[in-house]
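A.B. asks: Input: one structure, supplied below.
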Ligand SMILES: Cc1ncc(COP(=O)(O)O)c(C=O)c1O
Ligand SMILES: Cc1ncc(COP(=O)(O)O)c(C=O)c1O
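See the structure below:
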């Protein structure tokens, strides 16, 4: 097979300690990037450097070290705003991750603006993070949760959305890229339909920000969430983007220090967004790490990343189709580098274990998307790509899958 | 003045990059430890090392790297349980910090168990983190917030508590150490009175865990919260301790992946605690860092830390009293190493700035405790100690205070 | 023997392919479900006890080779055991798969093959699923 | 001049000790509060405008030397200014304290002393408190 690749992943791997000769992990073919990505030196060092030289708490002035820490923290916010093409840094709220960001919206915006009889639309392919908050909200408020079903090849059909939208629809919650099927959803078109019906749209970008350009203004989404750790950054930090007016209208989530202007026993005045949503000491070191991660991504270029991962995805699709009895879920060929599959009657857990003994790290199970799992007939094995993977990794995966078939041949 | 000290802080400082000759901060006399502490090498390296060599997501099996990350994450939980003398690791929930931990209790436990007409008692010295969640809960549920006033020397009087407690009291929320007054509250006695009245007790240990032994069983508190970053650990992680039965009875807080067993469109079954309260990817690297921070603390020994900081506090009290027009808030002499004060008519902000130009880092303002600030007559300057401080630091503080008096002499 | 062969011993694959004790019991019975949410493994035990003995025991479910083979071995081993013997065996198996086994493995018969799991921390939950379920079922018996 | 002396210039301390324009106005007036929650600094402006000019302006409040001196200078400088002149001056002062000042400082009079704040990022909020409050008050005037 002759494919030409527009990027040399070996160059990229040099930037990661995980892949270095002295690493305990050097031999691991890491194909579990949808769960979390590895971290480049630049991110690890930015965080260490912050702890060693600039550590202080933010915002509660008094000394130069605190001013420096605040500056770094706000610079990270400005960087995220620029990365997403938000209108201003005040549209960026730091959270622990995608899950907390969506919980914030469902609790604070949802309980204020979703009433009994209103409707919320979620897709059948959502991760629990973009599902459970809406299920709970619907139950609490007496609203209706409507499920936008997927097609048999794992896509969303916009005509189906038209049929679901009514004047009672308040929000459409949809993932940009499915963490199981690899489907890339047409989020701009979805936002446009939602808006036409008078509803808002929340985009779960956990699986997309590190893999293709995400532009909140072009998409015109109302809310967007992602996690640092799936975008080459540390755990403990994520982002909620929301349009300024929505943040102003939404009541606070956590309450405590830093998000309030006046506290009297009989009177509370909240701070302006984004501070209003950031009670307590924020993830400062983590914000610095996320800043470095976004710099890492943009140094390669998101167009270049998208292009290379598309090439590698094409290669992987071709090679996966060589494996007898392999059933791949999700659309073909137009999709992101996330491959959930089953292999004959071999249980995904057994596949993952065989692969693990051959140092190929994939994941098996329901991938925190149980309703989708039911639709697909249960657990699946999942391999997922990042910018440091290459054809060798795919080849190792394919070899290991053949090995699994040999061991379980008679099953 | 001749005081003997039982510990050599220079030895401790060697363990911190912040204090090294090559550090940009080496000349800073860091006395803002109540806001956040500096981080020892051991913590910074544990976190870097995790990112470089063991990074993977937890709990959602499939490969060896994931198993190792899960093991480290759960080992951190077990370490916290041991540190607090909890009965079992399942009583430890990881949060982003104290603020989130208390919000969790107020929202999830509070909305389930506090009804209209019930009462919650908070003290007048609470940080917003242990105040606003209860104010909001009381308003939401139609419950009464009762304020346990402080005495003029900044203490809590147990007889006053007796007068406030009724059979409608559901919870007493109290800080172990005040972040302004330095008062060390008798939390075991408070829990005992609360229990006698049929109420629960939540202890905000943000200012105590790094400074004296904290034992949840001896205290018999029902909930306890603290933050990693005030205990030599990273930001982005904190702890909620709660008695097992309470965690079982309390509904989940954030909802999403990892905290649920079964998700069908018509049926949800939550996971057992602590997983039930840890939706989404947890702060994994941060948990590893917190583990190292607790090891750092216990390597010195919490009794030794308490003793040394008491000695240094005595020295500081004596020297502060030498400064003309200095008015110190809080109890004397029996208190922790947190000193909020005013200096004649010089505004605390101006004090902090003068000190900052002499590289003495303190904080000024209301310290996220506005009601207490009102009681004290407005903003104060605050210096706060940690284990790496010594008499030289106190001396530098005193010299700088004299300088502030010179500059503002005629005010 | 590579660790992989040690995990997937012929005897395990045999129990997986031809499970013993698969099925349901008629009431009276105790039913206990074991569930692993991250991978969807499921084992449902049906159990009838009389005079302090396990009179009959069956399993249903779906899942990986380890969880299903382990359940199969369990039903085979537990037939006719006293409740005390059953409890002791559960403890022995839990120790075995965690690599903490002591004493004589020979008495375990087929079950000894589960020892291969000890090299695979992520699979311990699979191997113990049925045994934990039985443990809970026995608690209902008091 | 050390940076500290530059911050606490005699002229600043003088405005702090003997504030000009302290007080309240009788209605009709516009009142605007400026508040810095972290330190408790507070400035309340009372403003009367007529025919596109600031006819009178006073301040109350409490806070640090910088916030109070800055408010004092503001009231002095704003008396009789047209609304457009006022807006322009606000922008000039905001730039000054952030160290982005351009052009001729001499026209600023006492206010030029606020330039010392540019070395103290944590104090910029203090210096700008009154000016931001006036900016909001002017918005009410349209
Ligand atoms: C007594 C007390 N409680 C709670 C907090 C809040 O902690 P965090 O900001 O880490 O959530 C603090 C620190 O600011 C504190 O001093
Ligand atoms: C599509 C999607 N949404 C949300 C999440 C949750 O992200 P986190 O666990 O970082 O909160 C994930 C990752 O697990 C995901 O893949």
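Chains as they are written, first to last, in the working numbering: chain A, 1149 to 1559; chain B, 1149 to 1559; chain C, 895 to 1036; chain D, 895 to 1036.
Glycine included, every Cβ here is placed at the ideal spot set by N, Cα and C.
A quick note: this is a predicted structure, and the numbers were derived from the prediction, not measured.
As an exercise, report each continuous beta strand (DSSP E) stretch of at least 3 residues that is fully enclosed by the region 1307-1365 of chain B, in chain order.
C.D. replies: DSSP runs (the beta strand (DSSP E)) wholly in the region 1307-1365 of chain B: 1317-1323, 1348-1352.
A.B. asks: Tell me which same chain residues have a C-beta within less than 6 Å of the C-beta of residue 925 of chain C, skipping the five on either side of it?
C.D. replies: Walking along the third chain from the start, residue 925 of chain C turns up at place 31. Only 940 meet the Cβ criterion.
A.B. asks: By the criterion of Cβ-Cβ separation under 9 Å, what are the contact partners of residue 1016 of chain D in chain F?
C.D. replies: No chain F appears in this structure, whose protein chains are A, B, C and D.
A.B. asks: Judging by CA-CA distance, which residue of B:1503, B:1350, B:1154, B:1193 is the nearest neighbour of residue 1337 of chain B?
C.D. replies: The residue given as residue 1337 of chain B occupies position 189 in the second chain. It is B:1350 whose Cα lies nearest to the Cα of residue 1337 of chain B.
A.B. asks: Any idea what DSSP makes of residue 1409 of chain B, helix, strand or coil?
C.D. replies: The sequence position of residue 1409 of chain B within the second chain is 261, counting from 1. It is a strand residue.
A.B. asks: Indicate the three-state DSSP secondary structure (helix, strand or coil) for residue 1488 of chain B in the structure shown.
C.D. replies: Sequence index remark: in the second chain, residue 1488 of chain B carries index 340 (1-based). Here residue 1488 of chain B sits in strand by DSSP.
A.B. asks: At a cut-off of 7 Å, would you count residue 1355 of chain A as near ligand 2, judging by its Cβ distance to the nearest heavy atom?
C.D. replies: Counting from one through the first chain, the residue named residue 1355 of chain A turns up at place 207. Within the cutoff, so yes.
A.B. asks: Residues of chain C with CB under 8 Å from residue 1409 of chain B, in chain order?
C.D. replies: Along the second chain, one-based indexing puts residue 1409 of chain B at 261. By Cβ distance, chain C contributes 929, 931.
A.B. asks: Around the C-beta of residue 1022 of chain C, are 16 or more other C-beta atoms found within 10 angstroms, so that it is buried, or is it exposed?
C.D. replies: The residue you call residue 1022 of chain C lines up with position 128 of the third chain. Buried.
A.B. asks: Select from A:1313, A:1293, A:1325, A:1239 the residue whose C-alpha is nearest the C-alpha of residue 1414 of chain B.
C.D. replies: The residue you call residue 1414 of chain B lines up with position 266 of the second chain. With distances taken between Cα atoms, residue 1414 of chain B lies closest to A:1293.
A.B. asks: Under 8 Å, with one C-beta from each stretch per pair, do the region 933-948 of chain C and the region 904-917 of chain D reach the 3-pair mark?
C.D. replies: no
A.B. asks: Taking any Cβ of chain B, which residues in the region 956-980 of chain D have a Cβ under 9 Å from it, in chain order?
C.D. replies: 956, 957, 958, 959, 960, 961, 962
A.B. asks: Name the residue from A:1188, A:1432, A:1328, A:1439 whose alpha carbon lies nearest to the alpha carbon of residue 1524 of chain A.
C.D. replies: To locate residue 1524 of chain A, count along the first chain from 1; it is residue 376. That would be A:1328, whose Cα lies nearest to the Cα of residue 1524 of chain A.
A.B. asks: Residue 1294 of chain A bridges to which residues according to DSSP?
C.D. replies: Counting from one through the first chain, the residue named residue 1294 of chain A turns up at place 146. A:1269.
A.B. asks: What do you reckon, is the C-beta of residue 1443 of chain B under 7 Å from a heavy atom of ligand 1?
C.D. replies: Along the second chain, one-based indexing puts residue 1443 of chain B at 295. Residue 1443 of chain B: no, Cβ never under 7 Å from ligand 1.
A.B. asks: Would you verify that the beta carbon of residue 1160 of chain B is, or is not, closer than 8 Å to some beta carbon of chain D?
C.D. replies: Against the second chain, residue 1160 of chain B aligns to sequence position 12. Not one chain D Cβ lies under 8 Å of residue 1160 of chain B.
A.B. asks: Cβ of residue 1386 of chain A versus every heavy atom of ligand 2: is any distance shorter than 7 Å?
C.D. replies: The count along the first chain starts at 1 and reaches residue 1386 of chain A at position 238. Yes, the beta carbon of residue 1386 of chain A sits closer than 7 Å to at least one heavy atom of ligand 2.
A.B. asks: With DSSP as the reference, label residue 1164 of chain A as helix, strand or coil.
C.D. replies: Along the first chain, read from residue 1 onward, the residue named residue 1164 of chain A stands at position 16. Coil.
A.B. asks: Going by DSSP in three states, residue 936 of chain C sits in which element: helix, strand or coil?
C.D. replies: Counting from one through the third chain, the residue named residue 936 of chain C turns up at place 42. Residue 936 of chain C falls in the strand class under three-state DSSP.
A.B. asks: Report the partner residues of residue 1259 of chain A according to the DSSP bridge assignment.
C.D. replies: For the purposes of this step, residue 1259 of chain A is taken as residue 111 along the first chain, with counting starting at 1. Answer is none; residue 1259 of chain A lacks a bridge partner.
A.B. asks: How many Å lie between residue 1491 of chain A and residue 933 of chain C at the Cα?
C.D. replies: Position 343 of the first chain, counted from the first residue, corresponds to residue 1491 of chain A. Position 39 of the third chain, counted from the first residue, corresponds to residue 933 of chain C. Approximately 16 Å between the Cα atoms of the pair.
A.B. asks: For residue 1480 of chain B, name the three-state secondary structure that DSSP assigns.
C.D. replies: What you label residue 1480 of chain B is simply residue 332 of the second chain in a count that begins at 1. Reduced to three states, the DSSP call for residue 1480 of chain B is coil.
A.B. asks: Measure from the C-beta of residue 1514 of chain A to each C-beta in chain C and report whether the shortest distance is under 8 Å.
C.D. replies: For this step, residue 1514 of chain A is matched to residue 366 along the first chain. Cβ-Cβ to chain C under 8 Å: yes for residue 1514 of chain A.
A.B. asks: If the cut is a Cβ gap below 9 Å, which residues of chain D does residue 1358 of chain A touch?
C.D. replies: The sequence position of residue 1358 of chain A within the first chain is 210, counting from 1. Simply none; closest approach about 33 Å.
A.B. asks: From the beta carbon of residue 1551 of chain B, is the nearest beta carbon of chain A less than 8 Å away?
C.D. replies: Looking up residue 1551 of chain B in the second chain gives position 403. Not an interface residue.
A.B. asks: Applying a beta-carbon distance threshold of less than 7 Å, which residues of chain B neighbour residue 934 of chain D?
C.D. replies: Within the fourth chain, residue 934 of chain D is the residue found at index 40, counting from 1. Ordered by position in chain B, the residues that pass the 7 Å Cβ test against residue 934 of chain D are 1513, 1514, 1521, 1526, 1527.
A.B. asks: Select from the region 1425-1456 of chain B all residues with a C-beta closer than 8 Å to any C-beta belonging to chain A, and list them in chain order.
C.D. replies: 1427, 1428, 1429, 1430, 1431, 1432, 1433, 1434
A.B. asks: Comparing the CB of residue 1007 of chain D with every heavy atom of ligand 1, is any distance shorter than 7 Å?
C.D. replies: Taking the first residue of the fourth chain as 1, we reach residue 1007 of chain D at position 113. Taken from the Cβ of residue 1007 of chain D, every heavy atom of ligand 1 lies 7 Å or farther away.
A.B. asks: Could you name each continuous beta strand (DSSP E) segment of 3 residues or more that falls completely within the region 1394-1482 of chain B, going from the start of the chain to the end?
C.D. replies: 1408-1412, 1415-1418, 1474-1476
A.B. asks: Between which residues of its own chain and residue 902 of chain C is the CB-CB distance below 8 Å, once the five residues before and five after are set aside?
C.D. replies: Within the third chain, the letter at position 8 stands for residue 902 of chain C. Closer than 8 Å at the Cβ level, and outside the excluded window around residue 902 of chain C, lie 959, 1010.
A.B. asks: Which of the three DSSP states is assigned to residue 928 of chain C in this structure?
C.D. replies: Here residue 928 of chain C is taken as the residue at index 34 of the third chain, counted from 1. Note: residue 928 of chain C maps to strand in three-state DSSP.
A.B. asks: Taking only the alpha-carbon atoms, compute the straight-line gap between residue 1432 of chain A and residue 1163 of chain B and give it to the nearest angstrom.
C.D. replies: Within the first chain, the letter at position 284 stands for residue 1432 of chain A. Within the second chain, the letter at position 15 stands for residue 1163 of chain B. Rounded to the nearest angstrom, the two C-alpha atoms are 22 Å apart.
A.B. asks: Less than 6 Å between C-beta atoms, sequence neighbours within five positions excluded: which residues of the same chain meet that for residue 1430 of chain B?
C.D. replies: Taking the first residue of the second chain as position 1, residue 1430 of chain B is located at position 282. Here the set comprises 1242.
A.B. asks: So, does the region 1255-1275 of chain A touch the region 1228-1237 of chain A, judging by three or more C-beta pairs under 8 Å?
C.D. replies: no
A.B. asks: By DSSP, does residue 1245 of chain B sit in helix, in strand, or in coil?
C.D. replies: On the second chain, residue 1245 of chain B is found 97 positions in, with the first residue counted as 1. Reduced to three states, the DSSP call for residue 1245 of chain B is coil.
A.B. asks: Using a Cβ-based criterion (distance less than 7 Å to any ligand heavy atom), does residue 1375 of chain B qualify as near ligand 1?
C.D. replies: Position 227 of the second chain, counted from the start, is the residue given in the question as residue 1375 of chain B. Yes, the beta carbon of residue 1375 of chain B sits closer than 7 Å to at least one heavy atom of ligand 1.
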